[in-house]
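Peer 1:
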Amino acid sequence: MRAIFINAVDRKVEEVEIENELEAFYSKIGCDMIQVLPLGRKFLLIVDEEGKLRNWKVGFRLSNAEGIAGNGLIVCEKRNGDFAGCQLPAGLIAGMTTFLDLEKTPLPPPAFGFAAITDLSPASIEKARAEALRDLEQHR
115 MRAIFINAVD
125 RKVEEVEIEN
135 ELEAFYSKIG
145 CDMIQVLPLG
155 RKFLLIVDEE
165 GKLRNWKVGF
175 RLSNAEGIAG
185 NGLIVCEKRN
195 GDFAGCQLPA
205 GLIAGMTTFL
215 DLEKTPLPPP
225 AFGFAAITDL
235 SPASIEKARA
245 EALRDLEQHR
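Counting from 115, one number per residue, gives the positions in the sequence shown under the working numbering.
(1) Can you give, in chain order, each stretch of the beta strand (DSSP E) that sits fully within the stretch 187-243 and has at least 3 residues?
(2) Alpha helix (DSSP H) containing E135: first to last residue?
(3) What distance in whole Å lies between the Cβ atoms of I118 and I188, which are believed to be in contact at a cut-off of 8 Å?
(4) What three-state label does DSSP hand K142 in the structure shown?
(5) Leaving out five residues on either side along the sequence, give the residues of the same chain with a beta carbon under 7 Å from the beta carbon of T239.
(6) Can you give the Cα-Cα distance for D162 and F174, rounded to whole angstroms?
(7) Assuming R125 is part of the beta strand (DSSP E), what are its boundary residues?
(8) In the DSSP assignment, find the beta strand (DSSP E) that holds R155 and state where it starts and stops.
(9) Based on Cα-Cα distance, which residue from G199, F228, V127 lies nearest to L206?
(10) For my contact list, A122 and G184 are in at a C-beta cut-off of 8 Å; report their separation, rounded to the angstrom.
(11) Mark L158 as exposed unless 16 or more other C-beta atoms lie within 10 angstroms of its C-beta, in which case mark it buried.
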């Protein structure tokens, strides 16, 4: 499928053909675990889940969003949630991309909030989510 590869190492944005397989994403991005970030509408950004925990020396930022450590892939999402090829022009994404030197300007470390979930009811999950967000804000 067609994807947009944000290559932070070589500081370029390019169209690529990639198999719609997890191992292909790992190989292209240079990671062991992916995180999928919605970009709005049907577009998804696939990045290194552990990017801030690893020793990436480069990264990127799309528009004014939070910086990402490492490389990324932009794909589309089908109605059933599967990945699909992305027809955005690479030049459009290139114009929105700022490459980052993480040795000069590191990203802030990841932050975690904690809360116990007493049971798996929607009310308990929502209560725990709110507590975790409060915990996170107190430790920033």
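Ideal Cβ placement from N, Cα and C applies to all residues, glycine included.
Peer 2: Result, derived from the coordinates:
(1) 211-215
(2) First-last for E135: undefined, no H or E at that position.
(3) Indeed they touch by this definition, with Cβ atoms about 4 Å apart.
(4) helix
(5) The sequence as given places Ile at residue 239; Thr does not occur at that position. I231.
(6) 12 Å
(7) Looking at the DSSP string, R125 is not in any beta strand (DSSP E), and its letter there is neither H nor E.
(8) For R155, no beta strand (DSSP E) segment is defined, and its DSSP state is neither H nor E.
(9) Selected option, being the one with the closest Cα: V127.
(10) 6 Å
(11) buried
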